RNA sequence: GGAGAGAUGGGUGAGUGGCUGAAACCACCGGUUUGCUAAACCGACGUACGGGUCAUUCUGUACCGGGGGUUCGAAUCCCCCUCUCUCCGCCA
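Numbering (the numbering used here), first residue to last: 6 to 429.
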C-alpha cells in the first residue's frame, strides 16, 4: 500500500499518477487527507491526557510510599475524568485509524514514468521480439492432442483423481517437467539467486503480507479447518521470509529463487482459454524474487528481464516482451514486463512470465525495510519478482512448435536434464 | 489425539504491581590501545505514531505473542485466543 505520509504530502501527484492506471483517486485521497488530519488532532489530545495521567499515577506512587494515604486518595479522584476522556479519545482514534487504512488499501501502486498510457492489452508496448515463428507441418495439432497422442499428459485422469485443471503427467511428460524445473533452478543459481524450498501452505499473516488477502481472497484454496492457504505462487512464502525484517544495506540486493507447485482456484475462468495447459488449478513454476535498494531497483528489474529472456531463448522459443500499459497492470505493480511465447498450433501468444517492480508497495505492508547508511533510520525496501518460468505454457509451446512427423523434438539445452531427445 | 511448559529488545535471558522502555551477557556499530590480527577497555545501541526547531537536536504517547479486564498505576494479577517447545501415542 502507499505510504500515508506520502499521500498526505503529495495528494496531487498521487491523483495524477493513478490516472495512468485509469483510477480516479481524487475522492479517496481527499478523504484520507481529511481523516488523517482529524486523526492527528485526536492523537494529540489523547497523548496529552495520557501524559497527565502518567504524571498523577507517579505522584500517587510516591505519596503511597511516604504513607500519605489521604493525599493519595485525593489525587485518585482527579483521574476518573481523565480516564473517561482517554477511553473516548482512544476509541475515536481507533475508528478513524481503521477508516484511513480502509481508504489507504484502496489505492493501487503508482505506475512508473516508463509505463505507457492505455486501457487494454492492445495498448501494451512491445519492447522486444525474438526468434522466428515456426512454420508447422500440414497436419499439426495443438498440445492437448499431442499430449494424448504420445500419452504424456492425461487430463481426464486428473479429472477422476481431483478435478479439471489438475493434469497427470506421465512418462516423458513427467520427466520433461522435472527437467524444466531443474534447468530453471540451475540457471537462477548461476545468476546469483539463493535456492529456497518454501512451504506450500501459508498462514493468514503471510497471505496479507503479499496482498493476496484481502484483495484476491477467492483465488486461493483455503484449508478452513487450519486456516491455511495453498500458495498461488512461491512469491508468497519467499517474500514473507522478510516480513517484519530490517535488512542490512550490505545484504542488498537479496536474490532468492524457488520452485513450487502453485494452486489457483481461477474462479470465473471459462472457455477456450482454459483448454489443455493454458490455465490450470495446479501448475509448476520457478520464481525469482529480489529485495533491493530503491536506488537501483530498476536496474535489477532489467537484469531480471534479461534473465528470463535468456531462459526462453535457450529453449529456442520465439517470444516477445511487453511493457504493460497503465490499464493492464496489476494493482500492486509500478512497472511490469510480460513475456509471451508463440504457440504455433494454437496460433497465439501465451503469457509465460510476468516480471515486476513493486517499489515499496509490498514492502509497506510487509514492513520490510533496510537501514539507511547515513541516517541510520529504517527505510522501506523495494521488492521485485518474476516467473522464471511457469511450466505449463512453456511446455505447450515446446510441444506444438517442435512437433515433427517423427515425434516432438526436445530442445538441446534440456536433453542432459531429461535424458532423451525425442518424445515419440 | 493426551499431558505439561512457555512466548520479554538482533540473539541468550533476568524481571510477580510504581524506582522497568525494560538488568546482565552476546552480536552489531563508533572509539582507545596495537607492527598486523586477536584480546582488553570505553561509548553508543529498539520500533511506530504525534508535536516543536523541521539540518544536528529536543519532546509526548504507545509497544514485553494478540485481544479484553482489574487498578490511580500492569511485562508483572484475571479471562479469552494464537503460536512454539517437551514428553507420550500414532506415523512418512
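Built from N, CA and C at the ideal position, the CB exists for glycine as well.
For clarity, every value in this text was computed on a predicted model and none was experimentally measured.
For residue i, the three-state DSSP class (helix, strand or coil)
{"i": "residue 345", "result": "strand"}
{"i": "residue 186", "result": "helix"}
{"i": "residue 380", "result": "coil"}
{"i": "residue 266", "result": "strand"}
{"i": "residue 395", "result": "strand"}
{"i": "residue 96", "result": "helix"}
{"i": "residue 228", "result": "strand"}
{"i": "residue 370", "result": "helix"}
{"i": "residue 103", "result": "helix"}
{"i": "residue 309", "result": "helix"}
{"i": "residue 408", "result": "strand"}
{"i": "residue 138", "result": "coil"}
{"i": "residue 74", "result": "helix"}
{"i": "residue 317", "result": "helix"}
{"i": "residue 175", "result": "coil"}
With 16 other Cβ atoms within 10 Å as the buried cut-off, status of residue i
{"i": "residue 223", "result": "exposed"}
{"i": "residue 398", "result": "buried"}
{"i": "residue 200", "result": "exposed"}
{"i": "residue 85", "result": "exposed"}
{"i": "residue 195", "result": "exposed"}
{"i": "residue 69", "result": "exposed"}
{"i": "residue 364", "result": "buried"}
{"i": "residue 134", "result": "exposed"}
{"i": "residue 180", "result": "buried"}
{"i": "residue 421", "result": "exposed"}
{"i": "residue 304", "result": "exposed"}
{"i": "residue 441", "result": "Lying outside 6 to 429, the shown extent of the chain, residue 441 is not represented and no answer is given."}
{"i": "residue 509", "result": "Not covered by the structure: residue 509. The range shown for the chain is 6 to 429."}
{"i": "residue 251", "result": "exposed"}
{"i": "residue 62", "result": "exposed"}
{"i": "residue 430", "result": "Past the boundaries of the shown model lies residue 430; the chain is included only from 6 to 429, so the question cannot be answered."}
{"i": "residue 411", "result": "exposed"}
{"i": "residue 126", "result": "exposed"}
{"i": "residue 245", "result": "buried"}
Extent of the continuous alpha helix (DSSP H) to which residue i belongs
{"i": "residue 112", "result": "First-last for residue 112: undefined, no H or E at that position."}
{"i": "residue 301", "result": "Careful: residue 301 lies outside any alpha helix (DSSP H) and carries neither H nor E."}
{"i": "residue 422", "result": "420-423"}
{"i": "residue 327", "result": "That residue, residue 327, is in no alpha helix (DSSP H); its beta strand (DSSP E) goes 324-328."}
{"i": "residue 63", "result": "31-70"}
{"i": "residue 20", "result": "16-24"}
{"i": "residue 166", "result": "160-166"}
{"i": "residue 222", "result": "From DSSP, residue 222 is part of no alpha helix (DSSP H); its letter is neither H nor E."}
{"i": "residue 151", "result": "148-154"}
{"i": "residue 242", "result": "240-245"}
Beta-carbon proximity of residue i to residue j, cut-off 9 Å
{"i": "residue 186", "j": "residue 109", "result": "no"}
{"i": "residue 306", "j": "residue 327", "result": "no"}
{"i": "residue 424", "j": "residue 123", "result": "no"}
{"i": "residue 342", "j": "residue 369", "result": "no"}
{"i": "residue 31", "j": "residue 54", "result": "no"}
{"i": "residue 285", "j": "residue 176", "result": "no"}
{"i": "residue 2", "j": "residue 234", "result": "A question about residue 2 goes unanswered here, because the residues of the chain that appear run from 6 up to 429."}
{"i": "residue 98", "j": "residue 48", "result": "yes"}
{"i": "residue 395", "j": "residue 358", "result": "yes"}
{"i": "residue 58", "j": "residue 366", "result": "no"}
{"i": "residue 316", "j": "residue 393", "result": "yes"}
{"i": "residue 205", "j": "residue 242", "result": "yes"}
{"i": "residue 112", "j": "residue 19", "result": "yes"}
{"i": "residue 10", "j": "residue 115", "result": "no"}
{"i": "residue 136", "j": "residue 311", "result": "no"}
{"i": "residue 344", "j": "residue 352", "result": "no"}
{"i": "residue 373", "j": "residue 280", "result": "no"}
Close Cβ partners of residue i (< 7 Å) along its chain, the five nearest in sequence each way excluded
{"i": "residue 238", "result": "267, 290, 292"}
{"i": "residue 16", "result": "34, 38"}
Beta-carbon contacts of residue i that lie in its chain and below 8 Å, excluding the five residues immediately before and after
{"i": "residue 298", "result": "254, 257, 258, 375, 386, 387"}
{"i": "residue 13", "result": "37, 38, 41"}
Sequence-distant residues of the same chain with beta carbon closer than 6 Å to residue i, five excluded per side
{"i": "residue 183", "result": "none"}
{"i": "residue 130", "result": "121, 328"}
{"i": "residue 321", "result": "416"}
{"i": "residue 162", "result": "173"}
{"i": "residue 377", "result": "384"}
{"i": "residue 139", "result": "349, 406"}
{"i": "residue 295", "result": "258, 260, 305, 389"}
{"i": "residue 402", "result": "322, 346, 348"}
{"i": "residue 152", "result": "158"}
Residue i: first and last residue of the uninterrupted beta strand (DSSP E) it sits in
{"i": "residue 131", "result": "130-135"}
{"i": "residue 360", "result": "353-362"}
{"i": "residue 289", "result": "287-297"}
{"i": "residue 412", "result": "412-414"}
{"i": "residue 200", "result": "199-201"}
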